[in-house]
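Numbering (the numbering used here), first residue to last: 11 to 495.
Built from N, CA and C at the ideal position, the CB exists for glycine as well.
Worksheet: one structure, shown below.
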Ligand code: UDP
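Here it is as structure tokens:
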């Protein structure tokens, strides 16, 4: 590492949108503070990174890109030739891609050895990157996708295994020792609990790292921040919500992907709607519902009577079912169905949006919090059921869609189709009048203000990012003083 000049930080994101997006935003936040940031990714992911590079072009140290090709020995593990990201392939392809990433260890080491950066920030999934950093003699920082409530629930279940006390997948168990009553079922647990060794590897890698960065802010989950950060030896910086870098109304740059809907058209459609009247419906970057479920969601939206923007993730060239085409015709200009990808942060941030039906992915959850929008929670997999408990039971800024079942990715778990009436009822609980809906919307707005305050000068997340940069600088200076071992 060099001893003078800007701090040089390399960032290694995991290659699916929900993991990449917040790290690209963190790259921008660091570059705005004068850090020289380099993003490392595989060639097929270059297009997802380009918008972030472009918007940093006028900064003193524009963000750079370093390409790290997959070795040919693992090409057979990749889901499909040339598709090295999960933006356009099915969520079930995750495992091949994940396994293939282990082969990046040595190539990354070779790539960085001639001129090691001052620090490496990598996704928590890449446990092996802790070894790369150790071999280079530089600090590695873990970037965690989920927030602190989910991480604390994870830790607690991992430590006490309360799920082993129940006999069926659908019987609730209590997560012990938390400030709130949190019950889950085995069918709602994130995948890693099926392979506890993978959790151990991740925790060991965490212990061998310099510290942990989490995309959240203290005032959102203070009790859980205290529990999480109190673990001996754990250093944590809470630096979010990172999506705030896109808060400028004119910033339609879409964090890794060009939107399929014309953002200007969507926003002018929203401009014509009364405040808090529109529902935004989107289930993240990976979820694929079958036509039977999509039909019911469409019918529920139609029955709700509210204007809506509904993002339906479909593969290229795939068309909608005849029933959705009919619904589209009937609702006319009251609803917009986006085929593919919407500029979510801009849509959620528009004052006309009053509710968000979401799969509770952490980025989506935090983006809704930031925008002060209440949620209709429809968790699907990963840690989304845990995030849902935070939204509905702890923060009380949303309701869960009844009848939503277990983790869609768990082997053998089949969800029943949620009917249109249930969808419409849940939407009404958030969009309607009355104390329940108004209370949720009021609390959501308050958290929105706290989120912005955390990111402003003097705010907790702003301060944590400064502290992180200072500590990495100090680390570099210390190293400069010490003789090489
Ligand atoms: N996103 C978007 N437009 C879409 C769908 C998703 O901009 O049409 C973004 C969204 O704003 C969020 C990310 O993709 O930042 C999805 O991350 P999340 O953690 O919510 O869910 P995942 O996709 O990982 O399941």
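Within this structure, are the beta carbons of residue i and residue j separated by less than 9 Å?
i	j	result
residue 193	residue 199	no
residue 350	residue 274	no
residue 440	residue 452	no
residue 253	residue 60	no
residue 218	residue 333	no
residue 53	residue 79	yes
residue 114	residue 146	no
residue 371	residue 383	no
residue 126	residue 148	yes
residue 289	residue 405	no
residue 238	residue 165	yes
residue 195	residue 171	no
residue 161	residue 22	no
residue 378	residue 402	no
residue 525	residue 330	Since the displayed the chain opens at 11 and closes at 495, residue 525 lies outside it and no answer follows.
residue 132	residue 212	no
residue 425	residue 414	yes
residue 496	residue 128	Any question about residue 496 goes unanswered here, given that the chain covers just 11 to 495.
residue 41	residue 69	yes
residue 438	residue 287	no
residue 255	residue 399	no
residue 297	residue 190	no
Taking C-alpha atoms, which residue in the options lies nearest to residue i?
i	options	result
residue 291	283, 281 and 310	310
residue 465	371, 303, 413 and 248	248
residue 49	125, 297, 130 and 107	130
residue 395	197, 313, 151 and 299	197
residue 300	328, 318, 314 and 285	328
residue 152	65, 224 and 479	224
residue 109	283, 375 and 208	208
residue 67	46, 53 and 55	46
residue 2	359, 322, 250 and 345	Residue coverage of the chain in this structure runs from 11 to 495, which leaves residue 2 outside it and unanswerable.
residue 361	340, 438, 28 and 277	277
residue 228	484, 403, 462 and 487	462
residue 201	62, 215 and 417	417
residue 454	133, 380 and 136	380
residue 294	303, 281 and 320	320
residue 242	221, 255 and 250	221
residue 157	255, 63, 32 and 41	32
residue 341	189, 42, 279 and 318	318
residue 214	176, 137, 442 and 393	137
residue 280	460, 363 and 77	363
residue 459	269, 251 and 385	251
residue 244	88, 167 and 216	216
residue 503	107, 246, 203 and 178	Residue 503 cannot be examined here, being either before or after the span of the chain that is shown, 11 to 495.
residue 28	174, 190, 373 and 257	373
residue 481	457, 189 and 150	150
residue 105	24, 283, 368 and 176	24
residue 154	469, 30 and 368	30
residue 186	173, 177 and 178	173
Does the Cβ of residue i have 16 or more other Cβ atoms within 10 Å, making it buried, or fewer, making it exposed?
i	result
residue 306	buried
residue 343	exposed
residue 139	buried
residue 490	exposed
residue 5	Since the first residue of the chain shown is 11 and the last is 495, residue 5 is not available in this structure.
residue 83	exposed
residue 86	exposed
residue 391	buried
residue 308	buried
residue 169	exposed
residue 335	exposed
residue 81	exposed
residue 486	buried
residue 449	exposed
residue 393	buried
residue 494	Model confidence at residue 494 stands at a pLDDT of 48, short of 50, so the residue's coordinates are unreliable; what they give is reported in the following sentence. So residue 494 counts as exposed.
residue 304	buried
residue 269	buried
Any heavy atom of ligand 2 closer than 8 Å to the Cβ of residue i?
i	result
residue 60	As presented, the structure is devoid of ligand 2, carrying ligand 1 as its sole ligands.
- Is there contact between the stretch 393-410 and the stretch 424-432, where contact requires at least three CB pairs shorter than 8 Å? Contact between the stretch 393-410 and the stretch 424-432 is absent, with fewer than three C-beta pairs closer than 8 Å.
- Evaluate the contact criterion for the stretch 31-43 versus the stretch 60-80: three or more CB pairs, one atom per stretch, below 8 Å. Counting C-beta pairs with one atom in each stretch, the stretch 31-43 and the stretch 60-80 have three or more that are closer than 8 Å, which means they touch.
- Report yes or no: do the stretch 13-23 and the stretch 222-236 share at least 3 C-beta pairs separated by less than 8 Å? The stretch 13-23, when compared against the stretch 222-236, does not touch it at the 8 Å Cβ threshold.
- Message: Three or more C-beta pairs under 8 Å: does that hold for the stretch 470-480 against the stretch 353-362?
- Response: Contact between the stretch 470-480 and the stretch 353-362 is absent: fewer than 3 CB-CB pairs across the two stretches fall below 8 Å.
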